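Asker: Below is the structure I would like to discuss, written out as structure tokens.
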Amino acid sequence: MRRATDCTMGFISGEMTTNSLRLASYSASQLDACLNNNVLLANLTQLGQIAFSRDQLLVLKEKLDEIYTGGLPEERIRQLGFIITVYGPEDISMWNITNADTLALVLNNSPNLNTSKAIISNYLQRSGPLDAVALDAIGGPLLCTLSEENLRTILPSELKKAKPLNISMCTQAKKDILFGIAKVAFQDLAGDPKAYFNQLKPYIGGARASDLQRLAPGDINMDFQTFSSLNPVEVEKLTVQNIRDLLGINLNSIKENEDHEIVRRWVNSHTVDEVMSLGIGLRGGISPAGLGNFSFQELPVLCSATRTIWTSNNLTMM
0 MRRATDCTMG
10 FISGEMTTNS
20 LRLASYSASQ
30 LDACLNNNVL
40 LANLTQLGQI
50 AFSRDQLLVL
60 KEKLDEIYTG
70 GLPEERIRQL
80 GFIITVYGPE
90 DISMWNITNA
100 DTLALVLNNS
110 PNLNTSKAII
120 SNYLQRSGPL
130 DAVALDAIGG
140 PLLCTLSEEN
150 LRTILPSELK
160 KAKPLNISMC
170 TQAKKDILFG
180 IAKVAFQDLA
190 GDPKAYFNQL
200 KPYIGGARAS
210 DLQRLAPGDI
220 NMDFQTFSSL
230 NPVEVEKLTV
240 QNIRDLLGIN
250 LNSIKENEDH
260 EIVRRWVNSH
270 TVDEVMSLGI
280 GLRGGISPAG
290 LGNFSFQELP
300 VLCSATRTIW
310 TSNNLTMM
């Protein structure tokens, strides 16, 4: 065979696959010539852990493509390691990922967002469940790229077992869905407001005003970062007392962040009297006469004052 003739650096045996430095010294052409398919398949896991160059990895991919013309089977996908970095979305669409552990392994080596999306899409198209293992592997930012229909398939019991997810990049509709699932997942903690809130916190951006009003009396002392992640439309519905109860010892952070959009939204949806009744020096609000929103600012102090003194005979300016 041509490969046997062209191999000048020595044929690669199974024992050699543990010597990463030696194998990395093979050029792409020599790797192609000196590595036969049987050795490749028998030692794919070890070969996938070697920091080969892109050209060397492409050689391994081409060999696998020759063997599996209809796409890689799942047991081989799990062994790819770094080799996955040279697979494109079209290649991945031919795979058959059905196991969450496989999903986790390949996502761990995914080189970019498009590849990760293709991997997740393959998994979901084969009816792979969004269980705790899958949720941990996908993580919050990628989870936000899934459809609302996909998100609705997440079972509360699996969300409860998963690590907290950062859903800040999700649309409001997706945040709403995830919060609804989280409420059910952690409902056994509802009798302990602080513990319940701490579990709901990653998903609180999807809370409705009624949810926040139920949490408010629980002495949860919401920090401003969490407050700022709430849905502004729902925050506008909160009363002065709701705001006091929600933030507790952190109430002054509202004043400290008075220019933040969510604070302005709340101020502009409440009367001047309501805003001032918070007692933290916050200004603005809707005027009682319906003349619009006020935004109070301190007047500058004049360097000198002009006084007008009336006398019996004239007017004196000082």
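The opening residue of the sequence shown carries number 0 in numbering that gives the first Met the number 0; numbering runs sequentially from there. We treat Cβ as the ideally placed atom computed from N, Cα and C, and that holds for glycine. Treat the numbers as computed from the prediction; the structure is a model and nothing was measured.
1. What's the C-alpha gap between leucine 142 and arginine 125?
2. Check whether the Cβ atoms of aspartate 218 and glycine 179 lie closer than 8 Å to each other.
3. Taking just the CA atoms, how far does glutamate 233 sit from isoleucine 242?
4. May I ask which residues mark the beginning and end of the alpha helix (DSSP H) holding glutamate 235?
5. Kindly indicate the opening and closing residues of the alpha helix (DSSP H) around serine 26.
6. For glutamate 235, which residues from the same chain have a beta carbon less than 7 Å from its beta carbon, with the 5 sequence-adjacent residues on both sides left out?
7. Pull up the DSSP beta-bridge partners for threonine 270, would you.
8. So what does DSSP say about arginine 207, is it helix, strand or coil?
9. How many Å lie between methionine 15 and isoleucine 83 at the Cα?
10. Quick one: residues in its chain with C-beta nearer than 7 Å to the C-beta of phenylalanine 10, no 5 flanking neighbours on either side, listed in chain order?
11. Spatial neighbours of alanine 208 within its chain, please: CB distance less than 7 Å, with the 5 preceding and 5 following residues excluded, ordered by chain position.
12. Which residues in the same chain as leucine 250 place their Cβ atom closer than 8 Å to its Cβ, once the five residues preceding and following it in sequence are excluded?
13. Whole angstroms are fine: how far does the CA of asparagine 256 sit from the CA of glycine 138?
14. Starting from the C-beta of glycine 284, find all residues in its chain whose C-beta is less than 8 Å away, skip the five residues before and the five after it, and write them out in chain order.
15. If you count every other CB in all the chains shown that lies within 10 Å of the CB of glycine 204, and 16 or more means buried, which is it?
16. Quick one: which unbroken alpha helix (DSSP H) runs of 4-plus residues sit fully inside the segment 162 to 226? Chain order, please.
17. How many angstroms separate the CA atom of alanine 27 from the CA atom of tyrosine 122?
18. Got a sec? Which residues, its chain only, sit under 8 Å from arginine 53 by beta carbon, not counting five neighbours each side?
19. Which residues mark the beginning and the end of the alpha helix (DSSP H) in which alanine 103 is found?
20. Report, in whole angstroms, the separation of the C-beta atoms of isoleucine 49 and serine 12, which I expect to be a contact under 8 Å.
21. If you draw a straight line from the C-alpha of serine 227 to the C-alpha of aspartate 210, how long is it?
22. Please go through the segment 30 to 65 and give each complete alpha helix (DSSP H) segment of 4 or more residues, from N-terminal end onward.
23. If I measure Cβ to Cβ from alanine 172 and keep anything under 7 Å in the same chain, skipping five residues before and after, which residues do I get?
24. Could you check the C-alpha separation between leucine 229 and lysine 254 for me, to the nearest Å?
25. Going by C-alpha to C-alpha distance, which of Lys159, Ala194, Leu188 and Pro201 sits closest to proline 140?
26. Return the CA-CA distance between leucine 57 and leucine 158, expressed in angstroms with no decimal places.
27. Could you check what DSSP says for leucine 134 in three-state terms: helix, strand or coil?
28. Taking a contact to mean a Cβ-Cβ separation below 8 Å, would you say isoleucine 91 touches isoleucine 118 in this structure?
29. What first and last residue would you give for the alpha helix (DSSP H) that runs through isoleucine 118?
Answerer: From the atom records:
1. Roughly 17 Å between the two C-alpha positions.
2. Against a cut-off of 8 Å, the Cβ pair of glycine 179 and aspartate 218 comes out as no contact.
3. Straight-line Cα distance between these residues: approximately 12 Å.
4. Counting along the chain, glutamate 235 falls outside any alpha helix (DSSP H), and DSSP gives it neither H nor E.
5. According to the DSSP assignment, serine 26 belongs to no alpha helix (DSSP H), since it is labelled neither H nor E.
6. Result list for glutamate 235: Arg264, Trp265 and Ser268, in chain order.
7. In DSSP, threonine 270 forms a bridge with Ile285.
8. Assigned with DSSP and collapsed to three states, arginine 207 falls in coil, not helix or strand.
9. Our two residues, methionine 15 and isoleucine 83, have alpha carbons roughly 22 Å apart in a direct line.
10. For phenylalanine 10, the CB contacts under 7 Å within the same chain, skipping 5 residues up- and downstream, are Cys33 in chain order.
11. Cβ within range, chain order: Glu233, Lys236 and Leu237.
12. Result list for leucine 250: Ile242, Arg243, Leu277 and Ile279, in chain order.
13. Answer to the nearest angstrom: the Cα atoms are 30 Å apart.
14. For glycine 284, where only same-chain residues beyond five positions count, the Cβ hits under 8 Å are Val266, Asn267, His269, Thr270, Val271, Asp272, Glu273, Val274, Met275, Asn292 and Phe293.
15. It counts as buried.
16. 171 to 184, 192 to 199 and 208 to 214, all fully within the segment 162 to 226.
17. Approximately 32 Å, taken between the alpha carbons.
18. So the list reads Thr84 and Val85, once near-sequence residues are dropped.
19. Where alanine 103 is concerned, the enclosing alpha helix (DSSP H) stretches over 99 to 107.
20. Not really, about 15 Å apart at Cβ, beyond 8 Å.
21. Serine 227 and aspartate 210 have their alpha carbons spaced roughly 16 Å apart.
22. Complete alpha helix (DSSP H) runs here, min 4: 36 to 41 and 43 to 47.
23. Within the same chain, alanine 172 has close Cβ partners Glu147.
24. Spanning the two alpha carbons is a distance of roughly 17 Å.
25. Comparing Cα-Cα distances from proline 140 to each of Lys159, Ala194, Leu188 and Pro201, the minimum goes to Pro201.
26. Taking C-alpha positions only, leucine 57 is separated from leucine 158 by approximately 38 Å.
27. Judged by DSSP in its simplified three-state form, leucine 134 adopts helix.
28. Yes.
29. That run of the alpha helix (DSSP H) goes 112 to 124.
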